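Structure first, commentary second.
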Amino acid sequence: MAPQLGVWSNGVEGEVGAVDGIHWADEDAHVHAHAHAGGSVVGPCHPYLGRTRSGGVKNRRKTYNLHTRHDYPPAIMAPAAAAAAAADDDDKERGVRSPSRDEPVVTSTTVALDEKNGGDGVVATDVEARDGGPGGDAVSVHSESSLVQAGVQKAMILKKAWSRTTLLIAFTSLFLTTLIITLSDYSHMVLQPYVTSAFKKHSFMSAAHVVINITRIVAYPIIAKLSDVFGRAEMFTLSIVFQTLSFIVYATSVDIGAYFAAGLFDAIGSTGFGLTQQVFIADATSLINRAFWSTLPESITTIPALYLGSLIGEGFLYHAGWRWSYGAWAIIVPVVAVPLIATMVVLQRRARRHGLVAKSLASVAGCPPGSPMWKKALHLAWTEIDLLGLVLLVAGLSLILIPVSLTGSFNPGRWREGGFIAMLVVGVVCFLCFLVWDIRYAKKPYIPAHMANRTVIVACAIQMLDFMEYSLFTIFFPSYLQVAGHFTPANATRIEYAYLPLIPSLAKSRRHRLGWRKDSRSNSLRVAFQISGLFVAVGIKYTKNAHYWALAGPPLVILGQGVMIYLVDMGDGRHGSEAAFIASKVVSGVGRALWQTAAQVSVQAVVSRQEVAVATGIFQAANSVGAAIGTSISGAIWRNTLPDKLLAHLPEQEKKNALKIFQSIVVAQKYPVGTPARAAIDRSYRESQRILGIVATCVCAPNVFIMWFMRNVRLDEEDRKDEEGVDKTIAKIEQGKERE
Numbered sequence: 002m003a004p005q006l007g008v009w010s011n012g013v014e015g016e017v018g019a020v021d022g023i024h025w026a027d028e029d030a031h032v033h034a035h036a037h038a039g040g041s042v043v044g045p046c047h048p049y050l051g052r053t054r055s056g057g058v059k060n061r062r063k064t065y066n067l068h069t070r071h072d073y074p075p076a077i078m079a080p081a082a083a084a085a086a087a088a089d090d091d092d093k094e095r096g097v098r099s100p101s102r103d104e105p106v107v108t109s110t111t112v113a114l115d116e117k118n119g120g121d122g123v124v125a126t127d128v129e130a131r132d133g134g135p136g137g138d139a140v141s142v143h144s145e146s147s148l149v150q151a152g153v154q155k156a157m158i159l160k161k162a163w164s165r166t167t168l169l170i171a172f173t174s175l176f177l178t179t180l181i182i183t184l185s186d187y188s189h190m191v192l193q194p195y196v197t198s199a200f201k202k203h204s205f206m207s208a209a210h211v212v213i214n215i216t217r218i219v220a221y222p223i224i225a226k227l228s229d230v231f232g233r234a235e236m237f238t239l240s241i242v243f244q245t246l247s248f249i250v251y252a253t254s255v256d257i258g259a260y261f262a263a264g265l266f267d268a269i270g271s272t273g274f275g276l277t278q279q280v281f282i283a284d285a286t287s288l289i290n291r292a293f294w295s296t297l298p299e300s301i302t303t304i305p306a307l308y309l310g311s312l313i314g315e316g317f318l319y320h321a322g323w324r325w326s327y328g329a330w331a332i333i334v335p336v337v338a339v340p341l342i343a344t345m346v347v348l349q350r351r352a353r354r355h356g357l358v359a360k361s362l363a364s365v366a367g368c369p370p371g372s373p374m375w376k377k378a379l380h381l382a383w384t385e386i387d388l389l390g391l392v393l394l395v396a397g398l399s400l401i402l403i404p405v406s407l408t409g410s411f412n413p414g415r416w417r418e419g420g421f422i423a424m425l426v427v428g429v430v431c432f433l434c435f436l437v438w439d440i441r442y443a444k445k446p447y448i449p450a451h452m453a454n455r456t457v458i459v460a461c462a463i464q465m466l467d468f469m470e471y472s473l474f475t476i477f478f479p480s481y482l483q484v485a486g487h488f489t490p491a492n493a494t495r496i497e498y499a500y501l502p503l504i505p506s507l508a509k510s511r512r513h514r515l516g517w518r519k520d521s522r523s524n525s526l527r528v529a530f531q532i533s534g535l536f537v538a539v540g541i542k543y544t545k546n547a548h549y550w551a552l553a554g555p556p557l558v559i560l561g562q563g564v565m566i567y568l569v570d571m572g573d574g575r576h577g578s579e580a581a582f583i584a585s586k587v588v589s590g591v592g593r594a595l596w597q598t599a600a601q602v603s604v605q606a607v608v609s610r611q612e613v614a615v616a617t618g619i620f621q622a623a624n625s626v627g628a629a630i631g632t633s634i635s636g637a638i639w640r641n642t643l644p645d646k647l648l649a650h651l652p653e654q655e656k657k658n659a660l661k662i663f664q665s666i667v668v669a670q671k672y673p674v675g676t677p678a679r680a681a682i683d684r685s686y687r688e689s690q691r692i693l694g695i696v697a698t699c700v701c702a703p704n705v706f707i708m709w710f711m712r713n714v715r716l717d718e719e720d721r722k723d724e725e726g727v728d729k730t731i732a733k734i735e736q737g738k739e740r741e
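So our numbering is basically just the index in the sequence shown, starting at one, shifted up by 1.
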């Protein structure tokens, strides 16, 4: 075909044509070619590249198919080989050397390919490529490997490097490490009263617990970011180091300062391990299998830990002392984690020898070789880690959560203090500044623009509202059960905590954050619920769809919570039986299992590989944020409701004791059942808890409507597109290393 004249998108005229079905681009036209007839072409491509039977362009290492829209006329597709040959002659006259067949071709064209959609061939303008392409999800192939941070590049290369043997070693070690950490968690629950007995009356203890819990929340996005910058193996190592340090400091603590430091180390270590575990599984598994493998570690480790953890704790307590328990775990935990970390490091070193992984701080940070060390470190901190965004995020979340947590369930009156209002206002301002900086100015933002899609937003919103509802109703529910329900503490514990293991990711950090207690007599229920959680994951695997499983969750949660409104106050002084309360909790638990297992997979499916860690971290952090807000709301309602109810219902001679009854369930339970005073107390508790039930149900009710905005993801299709995206990214990394 003879060369023809066309008009490129920048207004430059160039020759267009096709040879043997292969569309060539004029080497001098380093732009996206949009002919005046509306056609879109790929360009430029060097004529020395070999032509493939599939209609693509290749060099010796890789084949890159040049897709075009099928409705574009061939006459406007790209310059002919003759035009490119003429360009070579011009190069020779200018003294410019053209690349040979054996050299990788470097062009300045930005070809917009969609990593999540497998590079399906839609060629975008420069503006479209920058903004995510016509579909809103595209990334630039020319700069794709630079957009993907070093830690994510390592994860992609590891995914291709895993063999059956190395994957078996890594997952076995992962499960064993999870088991050991879970065992240590359950054993330390037995030791906790003895560990804190020397500090429990210290005025700093309450504030220390608040700071530790806030540290867990803030750690999620930070750990996710660091894992993207440095790598998963590095974050596993850092998490285990912090976890081990916490055990050592707990074992040697003699004052509140040491206890506080150990709590901070524990918060960072446990949160880091739990999040990195989920991100590692996301890196190593397909979306179809991800729900199963994400749920399996906690399911198979919690079951034996339920029985053995308390026995181990008691054994240390009675025979060696609680300090030796922490000391023993400080040795065991890092030892069992060695195979996992070592396997990942060995594979990364193999990749590094082939030039596929960043070799230095400069290459990690994107600095040119030979830059001063201070410049490399500054670029790493300012650009890759986004230090300013980190400071604004930590300040914003901390200043918002500190007043929310300190008011909590028993101090809502402190909202009248000016300092609390000031902290909240400054926190909101800092968080808004973080959003502005992150969205408009940060080069490597904590919250990438592609994450601002409806599935991620809706999933995090539902997660936050769900845990807000849970904590809002739950915080005073054990007190209600013992006072108005006349249940023993053991029965109250069985009712309240029977369904918790249904929640997938029962990580140590979550149990600490929400203060979940365990009772050995409810273990059989927990075992059954852990197994049922696995059934949800298996269902997702065989249906290849997480959407409908997720949609089934919120209605069940609302149903279970709505039934509680009736059970806590059935009228005529009646309340639900233990079996009725447990059944209602089980319904809510099944709903949470359906929702959380499927929603996490859906969130990971709609973001790119670069964004998986941050998306998972934000999704999990929504739990804690919702729980903190729910606890504060619950405390305000309880404090403003129960005292008034007591004053309204108590006999005249007992009204003077209303404050004491409100402040202590022990005082409330001293009144014999059947007396007028106890009947008034029971009625006050029932009516107050019913109000909490109504508010909690109203909080989670919107989930039934907003859940429909989630995208229906076909997991097998997304897996195929993801594989293609990983292949393209690795190819770009290889090309980049060859050019170096």
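All C-beta atoms in this analysis are idealised placements derived from N, C-alpha and C, irrespective of residue type, glycine included. Just so we're clear, the structure is a prediction, and the values are computed from it rather than from any experiment.
Item                                                                                                                                                                         : Value
What residues are listed by DSSP as bridge partners for N214?                                                                                                                : N214 is not bridged to any residue.
When the Cα atoms are used, what is the spatial distance from A343 to D229?                                                                                                  : 19 Å
Exposed or buried, which one is A551 when buried takes at least 16 other CB atoms within 10 Å?                                                                               : buried
Return the chain-ordered list of same chain residues with a C-beta closer than 7 Å to the C-beta of E470, the five sequence neighbours on each side being excluded.          : Q562, G631, A697, V700, C701
Ignore the nearest five residues each way along the sequence and tell me which others in A378's own chain have a CB closer than 6 Å to its CB.                               : none
Nearest by alpha-carbon distance to R1: which of Q654, G618, S665 is it?                                                                                                     : In the structure as shown, the chain starts at 2 and stops at 741, and residue 1 therefore has no counterpart that could be examined.
Looking only at its own chain, which residues have a Cβ that is under 7 Å from the Cβ of T286, when we skip the five neighbours before and after it?                         : W294
What did DSSP end up calling R575 once you bin it into helix, strand or coil?                                                                                                : strand
Considering only their Cβ atoms, is the gap separating V607 from I541 smaller than 8 Å?                                                                                      : no
Count the other CB atoms, across all protein chains shown, that sit within 10 Å of the CB of Y187; report buried if there are 16 or more and exposed otherwise.              : buried
Per DSSP, which one or two residues make a beta bridge with N546?                                                                                                            : R715
Evaluate T253 with the Cβ neighbour count: other Cβ atoms within 10 Å of its Cβ, from every protein chain shown; 16 or more gives buried, anything less gives exposed.       : exposed
Exposed or buried, F477, counting other C-beta atoms within 10 Å across all chains shown (16 or more means buried)?                                                          : buried
Going by Cα to Cα distance, which pick from I634, L557, A220 is closest to Q597?                                                                                             : L557
Rounded to the nearest angstrom, what separates G574 and S585 at their Cα positions?                                                                                         : 20 Å
Just mark E653 as buried or exposed, buried being the case when its beta carbon has 16 or more other beta carbons within 10 Å.                                               : exposed
Out of F231, L466, K160, which has the shortest C-alpha to C-alpha gap to F706?                                                                                              : L466
Express the C-alpha separation of G590 and S533 in angstroms, rounding to a whole number.                                                                                    : 10 Å
Could you tell me the distance, in whole angstroms, from the CA atom of I181 to the CA atom of G310?                                                                         : 10 Å
As a quick exercise: from R691, G397, Y672, T303, pick the residue whose alpha carbon is nearest that of G572.                                                               : R691
Could you tell me if I215 is buried or exposed, where buried requires 16 or more neighbouring beta carbons within 10 angstroms of its beta carbon?                           : buried
Based on Cα-Cα distance, which residue from V613, T544, V626, V537 lies nearest to L297?                                                                                     : V537
Measuring alpha carbon to alpha carbon, tell me which of A209, L184, L393 ends up nearest T303.                                                                              : L184
Need the endpoints of the alpha helix (DSSP H) that Y672 sits in, please.                                                                                                    : Looking at the DSSP string, Y672 is not in any alpha helix (DSSP H), and its letter there is neither H nor E.
With a threshold of 16 other CB atoms inside 10 Å of the CB of F710, please say whether the residue is buried or exposed.                                                    : exposed
Which of the three DSSP states is assigned to N641 in this structure?                                                                                                        : helix
Is it the case that the stretch 379 to 398 contacts the stretch 435 to 442, given that we only count it when at least three CB pairs across the two stretches are under 8 Å? : yes
For V615 and P373, which I take to be in contact (beta-carbon distance under 8 Å), what is that distance rounded to the nearest angstrom?                                    : With 8 Å as the limit, V615 and P373 do not qualify as a contact, their Cβ atoms being about 30 Å apart.
Tell me the residue span of the alpha helix (DSSP H) that contains F477.                                                                                                     : Careful: F477 lies outside any alpha helix (DSSP H) and carries neither H nor E.
Which first and last residues belong to the alpha helix (DSSP H) in which I158 is found?                                                                                     : 151 to 162
With burial defined as no fewer than 16 other Cβ atoms inside 10 Å of the residue's Cβ, what is the status of A649: buried or exposed?                                       : exposed
Can the beta-carbon of T245 be found less than 8 Å from the beta-carbon of V334?                                                                                             : yes
Among residues of its own chain, excluding the 5 on either side of V459, which ones have a beta-carbon nearer than 6 Å to its beta-carbon?                                   : I707, F710, M711
Assign T489 to one of two classes, buried (16 or more other C-beta atoms within 10 Å of its C-beta) or exposed (fewer than that).                                            : exposed
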